[in-house]
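> Just add 504 to the spot in the sequence shown (first one is 1) and you have this note's numbering. Every residue gets a Cβ at the ideal spot worked out from N, C-alpha and C, and that includes glycine. This one's a predicted model, so the numbers in the text were calculated from it and none came from an experiment. Have a look at this one.
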Amino acid sequence: MEHWHEATDPLPIQTCNAHPERMAPVGETALAQARRLAALAGAVRGPIELCRGGLLASRGLAEAACQVAETATGTAHELWLVPVSVLVRDGEAVYQTLRTIRASSEADVCWFLLEATGPGLLASLVQAEGVLGWSELIGDPSIALMVAHDGPPQARTPAGTPRMRHSLRVPVASVADVLAWCRQRQPAIEAWLGMPVEQSALEVAVRSATTSPKQPEITDLLDEMKWDEAVEPENVLSVLSSAAAMVRFEWACGPIRLAHLNHRCAMDEQAELVSLARADAPQNALDQEASVERAALDVEWHEAPPELLLDQAAVVSWLDDARVASSASDAFWYHARCLNNEVTRE
């Protein structure tokens with residue numbers, strides 16, 4: 505699969521971005537929080553803590569706030585992502601890298617989002633690289649520094665950490681937020697999965713990732729959307745990629761039902777050989793009706809390949825099988841009807 509999320513905007517710092525770029529906020533609460541972050545970034549000096557949010561949501565909030573600040577001030581703002589791998593590896597001091605980027609950027613203000621970074625990690629980084637260098641970086645009015653992690657806000661700031669003056673909670677992504685993002689990124693998602701994706705498949709995947717205490721039933725996934733429900737965006741990507749992978753496996757190996765009937769046929773052939781060797785009467789495990797079904801499936805599989813498509817039925821089938829922790833004997837192939845035309849069978 506093509507890694508559609510490796511080429512992102514904003515860019516990571518000297519590292520490969522292993523996650524989708526961001527979850528742009530759509531809901532009213534998330535947009536209001538983006539404006540609060542923009543106001544803080546322009547008014548205070550010191551790291552702003554973004555807590556209780558995943559990578560997608562934190563990036564989306566930071567980018568939305570950056571755009572708000574740019575619109576309100578009429579000056580150019582630029583957002584840079586700093587993955588945690590940059591902070592923990594050996595090499596040039598992080599604050600020196602950030603200052604170099606700031607010096608070479610044509611933007612009036614550079615925003616740096618330190619991902620998966622809590623106050624403890626930042627404190628150890630500052631102590632290792634020197635408080636003076638970090639103080640100069642943070643004191644630069646053309647730099648906005650944020651640290652993002654998925655834990656609760658820190659009540660006490662570790663010693664050696666630049667003072668955390670403000671903490672903001674990253675808004676929980678809603679169905680409206682995630683679905684809007686999926687539709688905006690649909691061409692890139694399709695390139696990543698290697699097959700077209702139906703709108704209805706996206707909707708079912710989003711509904712399945714809701715964080716409500718009661719997990720929705722499969723029938724509920726096809727009902728009308730509840731736009732304010734909380735959703736885990738990472739789970740949506742997991743559902744889509746897993747269902748797409750299952751589609752590819754189904755194509756490469758054939759329908760599960762056909763494989764089952766082929767195994768039964770092999771059992772019959774083995775039993776017949778043993779019976780002939782012993783002069784016994786063979787007892788076939790594959791009856792006449794199953795033999796006809798096997799022949800029909802074999803013809804359909806080799807001569808009438810279905811279209812490559814990740815549709816609603818494929819996602820529902822994956823979710824249904826995942827809930828019972830087992831795979832149905834024949835449901836997926838008949839319901840999904842997906843094929844990768846770019847790959848040739850031997």
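1. Would you report the Cα separation of V740 and A770, rounded to the nearest angstrom?
2. Thinking L560 and P737 are a contact (beta carbons under 8 angstroms), I'd like their distance in whole angstroms, please.
3. Suppose contacts are defined by Cβ-Cβ distances below 8 angstroms. Is H653 in contact with V548 by that definition?
4. Quick one: measure Cβ to Cβ for P657 and E553, integer angstroms, because I've assumed they're closer than 8 angstroms.
5. Around the Cβ of A713, are there at least 16 other Cβ atoms within 10 angstroms (buried) or fewer (exposed)?
6. Taking the alpha carbon of S609 as the point to measure from, which residue in I647, A817, P623 has its own alpha carbon closest?
7. Could you pull out every residue in the same chain whose Cβ sits closer than 6 angstroms to the Cβ of L706, ignoring the five residues on either side in sequence?
8. Mind checking who E582 pairs with in its DSSP beta bridge?
9. Please identify the residue among Y599, L602, L617, P759 whose C-alpha is closest to the C-alpha of L565.
10. What would DSSP say about T714, mapped onto helix, strand or coil?
11. With three or more beta-carbon pairs closer than 8 angstroms as the criterion, would you say the segment 566–581 touches the segment 624–637?
12. Just tell me which of M699, M729, V708 has its CA closest to the CA of L812.
13. DSSP three-state call for E877: helix, strand or coil?
14. What span of residues does the beta strand (DSSP E) with M650 cover, start to end?
15. On a Cα-Cα basis, can you pick out the residue from V819, G550, D732 that is closest to V751?
16. Taking A709 and L744 to be in contact with their CB atoms under 8 angstroms, please state how far apart those CB atoms are, rounded to whole angstroms.
17. In whole angstroms, what separates the C-alpha of R798 from that of V682?
18. Inspect the beta-carbon positions of L765 and A800 and report whether they are closer than 8 angstroms.
19. So what does DSSP say about E773, is it helix, strand or coil?
20. Look at the alpha carbon of G531 and the alpha carbon of C570, and state the distance between them as a whole number of angstroms.
21. Thinking C-alpha only, which one of W822, L535, R540, D824 is nearest S678?
22. For the alpha helix (DSSP H) containing S609, list its first residue and its last residue.
23. What does DSSP give as the partner residues of C757 in its beta bridges?
24. With L851 as the anchor, note down where its beta strand (DSSP E) starts and where it stops.
25. Determine the extent of the beta strand (DSSP E) in which R673 is found, giving its start and end residues.
A quick look at the data gives this:
1. The straight-line gap from Cα to Cα measures roughly 40 angstroms.
2. L560 to P737, Cβ: 5 angstroms. Contact.
3. Their beta carbons are not under 8 angstroms apart, which means H653 does not touch V548 by this criterion.
4. Contact holds; Cβ gap of about 6 angstroms.
5. Buried, because 16 or more other Cβ atoms sit within 10 Å of the Cβ of A713.
6. In this structure, I647 is the residue among I647, A817, P623 with its C-alpha nearest to the C-alpha of S609.
7. Taking C-beta separations shorter than 6 angstroms and ignoring five residues to either side along the sequence, the partners of L706 in its chain run C686, following chain order.
8. DSSP lists C614 as the bridge partner or partners of E582.
9. Taking only the C-alpha atoms, the option nearest L565 is L617.
10. Three-state result, T714: strand.
11. Pairwise C-beta distances place the segment 566–581 out of contact with the segment 624–637, as fewer than three of them are shorter than 8 angstroms.
12. Ranked by Cα distance from L812, the options M699, M729, V708 are led by M699.
13. Coverage of the chain is limited to positions 505 through 850, which leaves residue 877 absent and any answer about it impossible.
14. Counting along the chain, the beta strand (DSSP E) containing M650 begins and ends at 647–652.
15. By alpha-carbon distance to V751, the top candidate from V819, G550, D732 is V819.
16. L744 and A709 do touch by the CB rule: their CB atoms are close to 5 angstroms apart, below 8 angstroms.
17. If you take the alpha carbons of R798 and V682, they lie about 42 angstroms apart.
18. No, they are not a contact pair.
19. Helix, per DSSP.
20. If I take the Cα positions, the gap works out to 17 angstroms.
21. Checking every option, the nearest Cα to that of S678 belongs to L535.
22. No alpha helix (DSSP H) holds S609; DSSP gives it neither H nor E.
23. In the DSSP output, where bridge partners are listed per residue, C757 has none listed.
24. With the chain covering 505 to 850 only, the question about residue 851 has no answer from this structure.
25. Counting along the chain, the beta strand (DSSP E) containing R673 begins and ends at 670–673.
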